[in-house]
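K.L.:
Numbering (the numbering used here), first residue to last: 640 to 982.
Cβ coordinates follow ideal geometry from the N, Cα and C atoms, glycine included.
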Amino acid sequence: MIDLRSDTVTKPSDKMRAAMAAAEVGDDVYGEDPTVIRLQEQAAEIFEKEAALFVPTGSMGNQIAVKLHTRPGQEVIIEARGHIFNYEMGTPAVLSGVMMRPVSSGDGSGHLTWDEIASALHIGQPYYTSPTGLICLENSHNFAGGSVMTVEHCADICTHAHAAGLPVHMDGARIFNAAAALGSSVADLTRHCDSVQFCLSKALGAPVGSVLVGSKDFIAEARVWRKRLGGGMRQVGILAAAGMIALEDGPKRLHEDHANAKALAVGLTDIPGVAIDVESVATNIVIFDITGTGKSSAEIVAALKDAGILAIGFGDVIRMVTHCNVSAEDVGVTVKYLRTYFA
Ligand code: TLP
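#1: Among L843, I926, V705, W753, which has the Cα closest to the Cα of P731?
#2: Assign R740 to one of three DSSP states: helix, strand, or coil.
#3: Measuring alpha carbon to alpha carbon, tell me which residue in S645, G665, A657 is nearest G876.
#4: Within the 8 Å Cβ cut-off, does A803 reach chain C?
#5: Taking the alpha-carbon positions, what's the Y669 to R813 distance?
#6: Quick check: does the Cβ of C963 come within less than 7 Å of any heavy atom belonging to the ligand MG?
#7: Is the beta carbon of G784 less than 8 Å from the beta carbon of V920?
#8: Just to confirm the assignment, what range does the beta strand (DSSP E) spanning M959 have?
#9: Quick one: give me the first and last residue of the beta strand (DSSP E) that H761 is part of.
#10: Which residues does DSSP pair with D810 in a beta bridge?
#11: Assuming I716 contacts I756 (C-beta within less than 8 Å), just tell me the rounded distance between them.
#12: Starting from the C-beta of E671, find all residues in its chain whose C-beta is less than 6 Å away, skip the five residues before and the five after it, and write them out in chain order.
#13: Would D653 be called buried (16 or more neighbouring beta carbons within 10 Å of its own) or exposed?
#14: In the DSSP assignment, what are the bridge partners of V715?
#15: Is DSSP giving S935 helix, strand or coil here?
#16: In the DSSP assignment, what are the bridge partners of F953?
#17: Could you tell me whether the Cβ atoms of G889 and A842 are closer together than 8 Å?
#18: Is H722 close to the ligand TLP? I mean its beta-carbon at under 7 Å from any heavy atom of the ligand.
#19: Could you tell me whether any non-hydrogen atom of the ligand TLP is closer than 7 Å to the CB of S735?
#20: On the three-state DSSP scale, how would you describe I929?
#21: Classify R867: buried if its beta carbon has 16 or more other beta carbons within 10 angstroms, exposed otherwise.
#22: Using 8 Å as the cut-off, can you tell me whether the region 718 to 731 makes contact with the region 775 to 794, which would need three or more C-beta pairs spanning the two stretches below that distance?
#23: Starting from F686, follow the alpha helix (DSSP H) in both directions and report where the run begins and ends.
#24: Cα separation between M640 and A914?
#25: What separation, rounded to the nearest whole angstrom, lies between the Cα atoms of V835 and T829?
#26: Can you name the residues that DSSP bridges to D642?
#27: Tell me whether N701, by its Cβ, gets closer than 7 Å to a heavy atom of the ligand TLP.
#28: Count the other CB atoms within 10 Å of the CB of Q764; is the residue buried (16 or more) or exposed (fewer)?
#29: Below 7 Å CB to CB, which residues in the same chain sit around I948 once its five sequence neighbours on both sides are set aside?
#30: List the endpoints of the continuous alpha helix (DSSP H) containing A880.
#31: Taking buried to mean at least 16 other C-beta atoms within 10 Å of its own C-beta, is T961 buried or exposed?
#32: Assuming L851 and G700 are in contact, meaning their beta carbons sit under 8 Å apart, how far apart are those beta carbons, in whole angstroms?
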């Protein structure tokens, strides 16, 4: 199977499995797992933040951040296609008692300008609105096709948000992809964010795990909420060992995934009825519109599956994600199949 459903599907490499087998471990609820401690220190160092916390999933990292930055009854501003709003099962309402305020990005990039955010703010007056408590950003932006937000853009939003007394959380599930595409460091891309969640288990290739980074006080509180949510894991250095390799080796090869995604996008351009903006494919995510083909995304995804190719369909679009278990040949096979199918 060529599995293009997501970069979450990667299998741990032999190097990761060997490191997992050899990992030094201790009880992480007591803060005694040396491998977890090393991973957290390394993450904090890379992001140039005070502290970090290993969490089981990106969703948990994001939701702990929403919880810690807000009070019940507040609103959280997010771009309309953001993951925290669309794919985290209403947890901001369930866990934090807050409402998401989705705002569409005018240019379709998935990245709001400060003016767009400002137009949705509720600060102080009138008292009978739900006050804004947090701004959530996403870089790269998954459902905007892996689009990236620059260092300057993020800094501008954070500066204005802080002046308005608002914290900023970055859902950086794929922040290393954004960094590779922009030639910027993840530290610069998130310099002024109050907290960042990044995933080891996506493009970086680990089987499990995410990391939440922020100030010492924020991470101390996050540790309490992780335990409350059932995420206090014990001899979890076994997983952190794979995460360490993902963090060290993963970023170096992301340009390959990006080149494969671009080749895929280019290969789709001359298929009648398929709409794809090649220029906008900056990282490892390719989302194309199939309205003009006369077929539904479900039909196309089913046909691809029969041909040994897995993808995900959402409404009128199909998403394909490249990763370390997808080769340039796999992309060639996929393009060839789609051309034949639509012919
Ligand atoms: N994204 C998954 C699905 O949930 C859609 C995927 O296949 O892309 N933030 C972003 C931007 C994400 O893309 C995801 C997962 C998460 C957070 C949540 O991470 P996990 O799955 O570890 O909870």
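P.N.:
Once the coordinates are examined:
#1: Out of L843, I926, V705, W753, V705 has the C-alpha closest to the C-alpha of P731.
#2: Here R740 carries a strand assignment [DSSP, helix/strand/coil].
#3: Nearest of S645, G665, A657 to G876, Cα basis: G665.
#4: Among the chains in the structure shown there is no chain C, since it carries only a single protein chain.
#5: Their Cα atoms are separated by approximately 30 Å.
#6: This structure does not include the ligand MG; its bound ligands are the ligand TLP.
#7: The answer is yes: Cβ separation under 8 Å.
#8: Residues 956 to 960.
#9: Looking at the DSSP string, H761 is not in any beta strand (DSSP E), and its letter there is neither H nor E.
#10: In DSSP, D810 forms a bridge with E777, Q836.
#11: About 6 Å; that satisfies the 8 Å criterion.
#12: These residues qualify, in order along the chain: G665.
#13: Exposed, because fewer than 16 other Cβ atoms sit within 10 Å of the Cβ of D653.
#14: BP columns for V715 point to M739, L773.
#15: Note: S935 maps to coil in three-state DSSP.
#16: F953 pairs with V956.
#17: Contact flag set, yes.
#18: Because some heavy atom of the ligand TLP lies under 7 Å away, the Cβ of H722 counts as near it: yes.
#19: The beta carbon of S735 sits no closer than 7 Å to any heavy atom of the ligand TLP.
#20: DSSP places I929 in coil when its eight states are reduced to three.
#21: R867 is exposed by the Cβ-count criterion.
#22: The region 718 to 731 is in contact with the region 775 to 794.
#23: From DSSP, the alpha helix (DSSP H) with F686 extends over 673 to 686.
#24: Just so you know, the alpha carbons of M640 and A914 end up roughly 25 Å apart.
#25: Between the alpha carbons of V835 and T829 lies a gap of roughly 7 Å.
#26: Note: D642 sits in a beta bridge opposite L949.
#27: Answer for N701: yes, Cβ within range of the ligand TLP.
#28: The residue in question, Q764, is exposed, as its Cβ has fewer than 16 Cβ neighbours within 10 Å.
#29: Hits under 7 Å: I641, L643, T973, Y976.
#30: Membership of A880 in the alpha helix (DSSP H) is indicated by the continuous run 876 to 888.
#31: T961 should be labelled buried.
#32: Right, the Cβ-Cβ distance comes to about 4 Å (below 8 Å), so this counts as a contact.
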